[in-house]
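There are 2 protein chains.
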Amino acid sequence: MSEPAPAVEKLIGTRIAERRAELGITLERLAAATGFSKGYLSKIENSRKVPPIGSLSRIAAALRTDITQLLHTPAEAGEGGGLSVVRVGERRPVVRGGTAFGYDYVSLADNRRGKKMEPFLFTFPSQIDKYVFFEHDGEEFMFVLSGRVEWQAGSRRLVLEPGDSIYFDARLPHRGRALDGEATAVVVTYSPKPGE
Amino acid sequence: MSEPAPAVEKLIGTRIAERRAELGITLERLAAATGFSKGYLSKIENSRKVPPIGSLSRIAAALRTDITQLLHTPAEAGEGGGLSVVRVGERRPVVRGGTAFGYDYVSLADNRRGKKMEPFLFTFPSQIDKYVFFEHDGEEFMFVLSGRVEWQAGSRRLVLEPGDSIYFDARLPHRGRALDGEATAVVVTYSPKPGE
DNA sequence: ACAGGAAGTTTCCCATTGGACAATATCCGT
DNA sequence: ACGGATATTGTCCAATGGGAAACTTCCTGT
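Going line by line, the protein sequences match chains A and B.
Taken in order, the first sequence gives residues 121 to 316; the numbers are from the working numbering.
Taken in order, the second sequence gives residues 121 to 316; the numbers are from the working numbering.
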């Protein structure tokens, strides 16, 4: 039986070793910090043992890193993936939602999975069908390109002019509309969930 | 010894269950896809068992997710403002870096911790001191406001005009410069690390 | 050159755990 | 109530996490 073994696990050891080198600390010090024996840690770094999640978490903490850093995806998403360009003329209106809530917006990146941020070009029309609040996990950034936008987030209500930007926790109920005529803005959202 | 144990592991099960619900597939189908028994998977979802990294990786693959998604530490810190506005006139040049590399850029959000995205207003000058590549963890989004920018990411080199945008894996070595005169762009970076 | 040591590796071993299997429980629709 | 799906739980053996300590290198001083 062949082991195709893309083996995320093989990398963990190297990552830990690299990180420890960065910090310039010895195996023994790491052992003291984590509570593991230096022998065990050595085996881990050389990929002879794979720690369970809990242990890896302790190690990550001792190395002042996040556990996800140590698990960093193997194949560096290389060509094809990794990059997406959207030209002015190539913008495609977002399928889901679209103009549904009275806003027009187009996606500024293709829909490849694993993306951490979701960029949109928003157009606030002069009239909005349903002026409702949005409230979702994650964080949101908006940069006003043109027009004036009245923005409400939480208890605050403010008017944003071109060039103004705002960053907020998307769990705050928020909504916005153009004050006179139309307004456009670049909006980037971050969402902890995979997406979809 | 008491176990303070914030236990990242408790969350894994829930994450998997949620993700499986999203996909609308049954335990049995997941069992078939992963090669594990449905009984075992059930225990995992209920946090009665914690899978080792390799197994978790297989599960993540079957759920068409990344392993890091399943381990992602939950929402930390809620309030404390949750909102920050930067007016056109109030932009402050970023301290670290600043014009160091030949680029001018100002932060478009204050430096509160825990922020997931980091928005900047970039100005590409006509002359750049050191035209070096950047390469860091995370992802990056750029929306060109004015001027023409020659951008290189990985092996690709392209010219972006106002309104064009690009999204890419920041591990790809990347750099950019204004083609004629000056150029400005909104740049938003996402970095998996807490900070620094 | 040799003695001391610090950092890292490997061997040996056992207590713990991963994970299959089958039985049981829960939730439908008819 | 009965059947058929899906989910949970108890049992149990093989696999593994992980410690203790011996064994390497590679210094640095005398």
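From the three backbone atoms N, C-alpha and C, an ideal C-beta is built for every residue, glycine too.
Among A:V308, A:S177, A:L265, A:L292, the one whose alpha carbon lies nearest that of A:F254: A:L292
Less than 6 Å between C-beta atoms, sequence neighbours within five positions excluded: which residues of the same chain meet that for B:G155? none
Near A:A137, which residues of its chain fall below 6 Å by C-beta distance, leaving aside the five closest residues on each side in sequence? E165
Compare the beta carbon distance of B:S227 and A:L228 with 9 Å and say whether it is the shorter of the two. no
Cutting at 6 Å between CB atoms, please list the residues of its own chain near B:K163, excluding the five before and the five after it. K169
So, is the C-beta of A:E255 closer than 9 Å to a C-beta in chain B? no
With B:T134 and B:E238 assumed to form a contact (beta carbons below 8 Å), what rounded beta-carbon distance in angstroms separates them? 29 Å between Cβ atoms; not a contact.
Just verifying my parser: in three-state terms, what is the DSSP assignment at A:G218? Residue placement at A:G218 is flagged as unreliable, the pLDDT there being 43, under the threshold of 50; the coordinate-derived value follows with that caveat. In the structure shown, A:G218 sits in coil (DSSP, three-state: anything other than H, G, I, E or B).
Which listed residue (B:Q189, B:F240, B:E302, B:I173) has its alpha carbon closest to that of A:V306: B:F240
Could you tell me the boundaries of the alpha helix (DSSP H) in which A:L143 lies? 128–143
Below-9 Å beta-carbon distance, A:G174 vs any chain B residue: yes
Mind pulling the chain A residues with CB within less than 8 Å of B:L191? I173, I187, T188, L191
Are B:L183 and B:I132 close, meaning C-beta to C-beta below 9 Å? no
For B:A273, which of B:D224, B:F288, B:P282 has the nearest alpha-carbon? B:F288
I'd like to know whether the C-beta atoms of A:G267 and A:A290 end up nearer to each other than 9 Å. no
If the cut is a Cβ gap below 8 Å, which residues of chain A does B:F261 touch? L228, A229, M237, P239, V308
Have a look at B:I187 and A:D300 and give me their C-alpha separation to the nearest angstrom. 46 Å
Bridge partner(s) assigned by DSSP for A:E270: A:V279, A:R297
Need the endpoints of the alpha helix (DSSP H) that A:A152 sits in, please. 147–154
Output the residue ranges of the alpha helix (DSSP H) runs that lie fully inside the stretch 152–189 of chain B and measure 4 residues or longer, sorted by chain position. 158–165, 173–182
If you drop the 5 nearest sequence neighbours on each side, which residues of the same chain put their C-beta closer than 6 Å to that of A:V264? L280, P282, D284, A305
Identify which residue in B:K236, B:P171, B:L176, B:A151 has its Cα closest to the Cα of A:E319. There is simply no residue 319 of chain A to check, as chain A begins at 121 and stops at 316 in what is shown.
Would B:A298 be called buried (16 or more neighbouring beta carbons within 10 Å of its own) or exposed? buried
Does the beta carbon of B:L265 come closer than 9 Å to any beta carbon on chain A? yes
Could you name the residues of chain B that A:S177 contacts, counting a contact when the two beta carbons are closer than 7 Å? V128
Within 10 angstroms of the Cβ of A:D224, are there 16 or more other Cβ atoms? Answer buried if so, exposed if not. buried
Sort out for me which residues DSSP pairs B:A305 with in a bridge. B:F242, B:V264
Here's a check: name, in chain order, each residue in its chain whose Cβ is nearer than 7 Å to the Cβ of B:R216, leaving out the five neighbours to either side. Because the pLDDT of B:R216 is 40, which lies under 50, any placement of that residue in the model is unreliable, and the number read from its coordinates should be weighed accordingly. If we look at B:R216 and ignore the five residues flanking it on each side, it has no Cβ neighbours.
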